[in-house]
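Numbering (full-length UniProt numbering), first residue to last: 1 to 1113.
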């Protein structure tokens, strides 16, 4: 990865380019001195040069050519040439960046605005192409991937450089966000990890700039740099970060997650490869050959694993992380366990553990119980067994059995007495008695000889050499055996080593073995089960080995109990306790010894919580389900639970004890119920899950309509299916909403019930906020948006849900920093995801009018809500940015609380003017028609004035600034204009309906005759005289008409007086009366509609807690 020194060396050049780009974002394009050439030939030469040598340069020659041309007429050709040249050949992308910045200085601001989307498109078009299977298809695919990566590699470097030098007008934050989107797309849309070389190239050249210093990168895997390294990585004075620190943090998290995903995929692929190799070997043994298709698949898998491993190694070196350790054939074959557990810990196993058994499964049972008998494979003389007579053989079993039973009864009686004393001490709750019990335990056994001087030192160990009786040959073999023991990771190897030790059996060998087993490294707790099996295998014939190891553990336990306040010994305590537990499960340690250790821990409960938890997790199930120890172990566990309830513990300690208790005593698991569907229910699920798609909606609709809707059970299941959108494919949610829209035509109550249930589900999810239901909440929100798209619900329902996402569960509906709620934590961003999902589904419908204004207000409040949360995760930030860019691309992004609060204040401050604008706007129509008003503004003001003063809520004052008479005239004029538009649109429709009663065909409008300016007064005089004459003739029983005629190619007008009782006059009057009546009717309907819309908006505002008050200026 690029170092800090490289970053500092390139900083002056990048800073100069940044200043140049920012200068010409603000200023006009630069015009070079002298005459500029505008010839087509010179421009064509430059364009060809950009296509072929953009990455080669030199940049000075390009700058000279660019400054000699006009360029403005060939902007699109120049942009296309730069995009083409950026993906051709090899070269230095920094040269291309210099040329692009120089072109920006000449063609600002249009050049970069057109260039950047094309470059980003070249990177986003990187999805792997599916080709035919087979050898040739794989080669073609690899070839195309190499060609694509070769083209995209320089483009990615150019885009990354441009983002640092301010190529985006919004600044470095916008550029870095675009780079993050591209990188995330390259990671997520690449299941075959073909883009791994491209990401390695990015880290190689821009790791320091985009991921931060080495100190910050080490925080990916949890390590901390020293103060010296941190000082070394600090930037010198005058050098700053070109990429914001928060973006660097998100980039580090993005690459760390990608590295972990790639590592897991590599380990799984390696396991599959080993399994395939094993299957090939078995097939070769059975048939004597491996088929060609199997061999080709195996070779293809090898190439994929090698390529992925090489890429991951490079990525690990660039990120400073440790690559994963790949499993080998030996580890896969020897260990009976899988390296990668593909099952989830939340999955309920069908088989479950053995009912009431000690072991989890049969494999564990065989490991702890199926031990080999050394006498069958090793000569008796080597095991120290003497041949006995037949009489002794008959008498010995009975005597030994009786002695063992008596000894076991004595031990149980002694332990029972100690337990009763401990319970009595616990009930009295006397710390002094507990302390005496601990002292008594520490003073027992071999501890009587320990003095105060030796209390602070570890017990010395006996050094065993070849002088103890081992010759050089057996000593070397024993050393080799001890070297092989730490590598034994399955029972076959352990049994083999136990047999080998039996052949080397001697007193000196056993002493060396005891010392070796007692010095297990404290970090290697994974060896304890295998060492315990080794000891248990030897115990029947070499009991001194188990006793010697137990003595070492007892001495170590007493030392650790004296040093119980030293936290550095926690790993040693863990090893000691688990060794005890493993020996107990093999019965190499007697149950009395383990229960005695448990009692010691319970005596000093508060300081031994970790030890108790580890002991129960290791052998608690064995103690509780073994017949010999079940009764006593149960009483001790109950005592532990009582002490836990009476002691104040922190969260970690409580969690450890709870986990240990339920590990050794798991609750009964209820078998998973399998719901049996009736044939009709199965058919409905088949329609919605398998048949439903875009081209089969009509078919599914017909089949659903044919169902027996009168049957309550059928109706209930259909209703449940339509209110559970998470049970179908996410892509079919729009089709489900389409079906709900179509079904409500025949079953209106069904659509209402579906909407009501969906809204109820959303409300319940907001109240509970359960993590496991997040996926269904996303599907429900998507379903609600699709119901609006199909006009099942109105926009008011959508906005009510959107506002509830911001305010539900909070006492104050307005977001502010520190606002906390049990159902909406500061670090919980799922409501933002829900809002983005709903807006992505139906937000495009709220573009204009009152709905557009409501959406703009909501988006501002949503951004205020987001700024009051903790730092957004990268995926949520990208999701919100995409939503805002899709709905309001020109609106600025409010990233801080100050900016969002200022925008909200401006919105509240302009609420008065907003109310006035709506009264006269063309989009909403007239809100205040003076005629047909139920009451005057003075009456409204008088009624509301008394109640508003007592309210503490926000009040929106709607001012009626015009006088009643003036307002009446203005409204009438505006209404006449709107009515004329409506009348012009409906003329054709009415003409067909009223053709029978229409006036004669020659009753047309009089054409306009153009007159000269000096005839205007004469024309006005003649019109007035004609009007007076017409009025006079009408009084005489005649009606004035204008006759249009044509003479000598010229149109002439002549006035005619026709009797009022003639057919023409009667039809004309009838037509005028009908038109006037229709005009009055339409006018009344428009006014009624305007009043209804105004009342609905007022009610909507008041339901949100805002009171209205009408006032006059």
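Heads up, the beta-carbon is just placed ideally off N, CA and C, and yes, glycines get one too.
With a cut-off of 7 Å, does the C-beta of residue i fall near any C-beta of chain D?
i	result
residue 867	Among the protein chains of the structure shown there is no chain D, as only one such chain exists.
With a CB to CB cut of under 7 Å and the five nearest residues on each side skipped, what residues in its chain are close to residue i?
i	result
residue 1012	Because the pLDDT at residue 1012 is just 48, under 50, the model does not fix this residue reliably, and the point stays unresolved.
residue 3	208
residue 866	832, 872, 880
residue 830	774
residue 861	806, 904
residue 324	263, 266, 267
So residue i packs on residue j, CB below 8 Å; how close in whole Å?
i	j	result
residue 700	residue 739	7 Å
residue 790	residue 842	With 8 Å as the limit, residue 790 and residue 842 do not qualify as a contact, their Cβ atoms being about 10 Å apart.
residue 497	residue 485	6 Å
residue 318	residue 186	Not quite, the Cβ-Cβ distance comes to about 15 Å (not below 8 Å), so this is no contact.
residue 167	residue 21	6 Å
residue 155	residue 199	Contact doesn't hold; Cβ gap of about 14 Å is too wide.
residue 744	residue 792	7 Å
Around the C-beta of residue i, are 16 or more other C-beta atoms found within 10 angstroms, so that it is buried, or is it exposed?
i	result
residue 299	exposed
residue 721	buried
residue 1165	Because the chain spans 1 through 1113 in this model, residue 1165 falls outside it and cannot be assessed.
residue 746	exposed
residue 281	exposed
residue 201	buried
residue 328	exposed
residue 48	exposed
residue 93	buried
residue 521	exposed
Near residue i, which residues of its chain fall below 6 Å by C-beta distance, leaving aside the five closest residues on each side in sequence?
i	result
residue 343	For residue 343, the predicted model reports a pLDDT of 31, less than 50, meaning its position is unreliable and no value from the coordinates is stated.
residue 530	488, 494
residue 808	766
residue 1056	1041, 1043
residue 813	807
residue 311	196
Identify the continuous beta strand (DSSP E) that holds residue i and give its terminal residues.
i	result
residue 870	Careful: residue 870 lies outside any beta strand (DSSP E) and carries neither H nor E.
residue 1045	1038-1047
residue 794	No beta strand (DSSP E) holds residue 794; DSSP gives it neither H nor E.
residue 1116	Here the chain has residues from 1 to 1113 only, and residue 1116 is not among them.
residue 1056	1050-1059
Could you pull the start and end residues of the alpha helix (DSSP H) that residue i belongs to?
i	result
residue 1178	One cannot answer for residue 1178 here, as it falls past the ends of the chain, which runs 1 to 1113.
residue 816	Per DSSP, residue 816 belongs to no alpha helix (DSSP H) and is neither H nor E.
residue 46	40-53
residue 622	609-625
residue 531	528-538
residue 715	712-722
residue 837	830-842
residue 557	543-562
residue 74	Per DSSP, residue 74 belongs to no alpha helix (DSSP H) and is neither H nor E.
residue 189	Careful: residue 189 lies outside any alpha helix (DSSP H) and carries neither H nor E.
residue 492	491-503
CB-CB under 8 Å to residue i, same chain, minus the five flanking residues each way: which ones, in chain order?
i	result
residue 874	180, 184, 250, 253, 254
residue 246	871
residue 474	504, 506, 509
*Are there three or more Cβ pairs, one per stretch, closer than 8 Å when the region 53-67 is compared with the region 98-106?*
yes
*So does the region 23-42 actually touch the region 51-62, counting three or more Cβ pairs closer than 8 Å?*
no
*Does the region 69-88 come close enough to the region 27-44 that 3 or more CB-CB pairs lie under 8 Å?*
yes
_Three or more C-beta pairs below 8 Å linking the region 140-149 and the region 84-94_ = no
*Please determine if the region 727-743 and the region 794-814 are in contact, where contact requires at least 3 C-beta pairs separated by less than 8 Å.*
no
*Kindly confirm or deny that the region 706-719 and the region 668-685 touch, where touching means at least three C-beta pairs closer than 8 Å.*
yes
*Does the count of Cβ pairs from the region 820-829 and the region 888-901 closer than 8 Å reach three?*
no
*Determine contact between the region 614-633 and the region 551-571, defined as no fewer than three beta-carbon pairs at a distance below 8 Å.*
no
*Does the count of Cβ pairs from the region 597-610 and the region 646-666 closer than 8 Å reach three?*
yes
*Answer yes if the region 498-510 comes into contact with the region 588-597, meaning at least three C-beta pairs across the two stretches below 8 Å, and no otherwise.*
no
_Any 3 or more C-beta pairs closer than 8 Å across the region 755-764 and the region 779-788_ = yes
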